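Read the structure below first, then the notes.
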């Protein structure tokens, strides 16, 4: 039996759907989100100092030398009974003797350029450079990111429902944070600095390899709204770049995101909620990271976020939950995903594509099939078929529904429940939207029912 390829996996398998947002097989799947100095001076000559007696004797003994431009004038000190030695003072007009007001000659600069270092600390290989960039360049990074998002949003709207959520930080928020920096306590300053560091891709390697993720997780335990917001923004900035996602999952970043959500009601503000939802959606795009996310209670966090302020964050949560069903192997907590999908079916948000494909992925596991039926999957499909004729992707959707029913009918214990809950009516409705492949699946399903 043919089944859609897994979303987001570089080695797609025939029985798994393809992860949302990949570049492969664009005609069949929804594209993946985000995818992809030295100064010198000459030394002065020190002249020996003559005492007062020698100056008087020199002027008296040599009057004939006045006005004579001699090269060397010698003044001999008269002997006195108290003097033990005779001292001579030489005043010359050579280059070694200068007037006090004459500037000293400069040594020749043997360097072509002055060696002064990086006085602004803009290097990305050190702590000073990262701190400078966090203080001065954070605003520029935000402006560039906002311009980039504005250019891409219209293009992404036709391909991804996640683009319906505005997640840009306003310029006024950034300016207020810098104004309040001096009044913050050290933990708040650290959280804000980490957020600014993560805005630049050049800092990612330093932050992840030197324990920055663990520091953010520790800060998430602090009951402070400003710290939680900065931590949530930091996790989002890091997860928005594909190369960081596997390292973030291995470092326990999912646990940090979940910590930002749990606690007293004021703990999870709208800004923190949407940043956490976007971060979890980004992390769910990492192949083979589903089990790690489920272990750290990402499913529960997404279910909680899906009802935050009504269906405001539902598009992001639905895509993240669907990505988690694209695992090659089942994991603990995958059964909660289907239940979450079925519980949000009446919110008015069209998530039919993700719902049906999640059914296809989860119906691969024989131990999960009966629970899917008991949770109300067939009644949800009946509701979906009432609007199938108005959908643009009705044929592809019909084929996915038949694929899910085909997998469910393979379990003998599920066949009676399938028949009693209206699967025959579903097959009859889908006949008008199926091609030859769909008809073959229909025949196989009926054959399974007859073998019950």
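In UniProt numbering, the protein residues as written are 1 to 452.
Glycine is no exception: its CB is placed at the ideal position from the N, C-alpha and C atoms.
These numbers were taken from a predicted model, which means no experiment stands behind them.
- Rounded to whole angstroms, the separation of the alpha carbons of residue 390 and residue 252 is 43 Å.
- Looking only at 256, 202, 237, 196, the smallest Cα-Cα distance to residue 220 is reached by 256.
- Taking a 10 Å sphere around the C-beta of residue 204, we find 16 or more other C-beta atoms and assign the residue as buried.
- Residue 313 carries a coil assignment under DSSP once its states are collapsed to helix, strand and coil.
- Distance from the CA of residue 376 to the CA of residue 271, rounded to the nearest whole angstrom, comes to 34 Å.
- For residue 407, the secondary structure class from DSSP, reduced to helix, strand or coil, is helix.
- Unbroken alpha helix (DSSP H) stretches of 4 residues or longer found wholly inside the region 271-296: 290-295, given in chain order.
- Linking residue 343 to residue 400 through their CA atoms gives a straight-line distance of about 20 Å.
- Under the three-state reduction of DSSP, residue 268 is assigned to coil, being neither helix nor strand.
- In the three-state DSSP reduction, residue 186 falls in the helix class (H, G or I).
- Contact between the region 353-368 and the region 298-311 is absent, with fewer than three C-beta pairs closer than 8 Å.
- Less than 7 Å divides the Cβ of residue 238 from the Cβ of residue 198.
- Residues 405, 406, 409 of the same chain have their beta carbon placed closer than 6 Å to that of residue 445, with the five preceding and five following residues left out of the count.
- Spatial neighbours of residue 429 in its own chain (CB-CB distance under 8 Å, excluding positions within 5 residues in sequence) are listed in chain order as 385, 388.
- Of all alpha-carbon atoms in 327, 393, 448, the one lying nearest the alpha-carbon of residue 417 is that of 448.
- Every alpha helix (DSSP H) of 4 residues or more that sits fully in the UniProt repeat "ARM" (211-253) is shown, in chain order, as 212-219, 225-239, 245-250.
- Annotation note: the region 350-411 contains the following uninterrupted alpha helix (DSSP H) runs of length 4 or greater, listed N- to C-terminal: 352-362, 366-374, 377-385, 394-409.
- Just so you know, the alpha carbons of residue 372 and residue 315 end up roughly 22 Å apart.
- The Cβ-Cβ distance between residue 396 and residue 434 does not fall below 7 Å.
- Around the C-beta of residue 192, 16 or more other C-beta atoms lie within 10 Å, and the residue is accordingly described as buried.
- Relative to residue 357, the option among 324, 283, 383 whose CA is nearest is 324.
- Here residue 318 has 351, 354 as same chain residues with Cβ atoms under 6 Å from its own Cβ, once five neighbours each way along the sequence are excluded.
- Annotation: residue 278 to residue 329 spans about 24 Å, alpha carbon to alpha carbon.
- Within the same chain, 261 come within 7 Å of residue 304 by CB-CB distance, once the 5 residues on both sides are set aside.
- Close CB contacts of residue 297 within its chain, under the 6 Å cut and outside five residues either way in sequence, are with 258 (chain order).
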